[in-house]
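For reference, the structure is listed below as structure tokens.
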Amino acid sequence: MFFFFVGSYAPKLSRMISSPVRCPTCFSPTVYHYKVQHQLSMFFIPIWRTKSKYLWICDRCNWTGSSRPEEQEITT
Ligand SMILES: [Zn+2]
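To convert, note that position 64 of the sequence shown is 64 in the UniProt record's numbering; the numbers rise steadily by one, no gaps.
Here it is, written out as structure tokens:
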């Protein structure tokens, strides 16, 4: 018996409408609020989705946090 399965299980990121926040690691204002949802799809059709969660992710250094990073004063 030949079993053929074309499927994928990948996280889906959607950026929430929010103003960027300064990153605590690389100090660039590129941290955005994302909605993360894992999605199981077969033949490119979504079959099942997990409960979504919300993360703050930096586009530059990939810093990830579950809460909004605090605004930090940069002292030189
Ligand atoms: Zn960063």
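Just so you know, even glycine gets a beta-carbon here, dropped at the ideal spot from N, CA and C.
Coil, strand or helix - residue i by DSSP
i, result
"Trp63", "coil"
"Arg49", "strand"
"Val6", "coil"
Cutoff 8 Å; reference residue i; Cβ partners in own chain excluding five residues on either side
i, result
"Thr75", "With a pLDDT of only 49 at Thr75, under the threshold of 50, the placement of this residue in the model should not be trusted; the figure read from the coordinates follows. Closer than 8 Å at Cβ, skipping near neighbours: no residue."
Reference residue i; option with closest CA among the options
i, options, result
"Leu55", "Cys26, Gly7 and Pro20", "Pro20"
"Arg68", "Tyr9, Pro24, Lys12 and Val36", "Pro24"
"Glu70", "Val6, Ser14, Lys12 and Val31", "Val31"
"His33", "Ser52, Phe43 and Ile45", "Ser52"
Own chain, CB closer than 6 Å to residue i, minus 5 neighbours either side, in chain order
i, result
"Pro29", "Pro20 and Arg22"
Cut-off 7 Å between Cβ atoms - residues of its own chain near residue i, not counting five sequence neighbours on either side
i, result
"Ser14", "Tyr34 and Lys35"
"Gln39", "Ala10, Lys12, Pro46 and Arg49"
Which residues neighbour ligand 1 when neighbourhood means a C-beta less than 5 Å away from any of its non-hydrogen atoms? List them by chain order.
Working through the chain, the matches are Cys23, Thr25, Cys26, Cys58, Arg60, Cys61 and Trp63.
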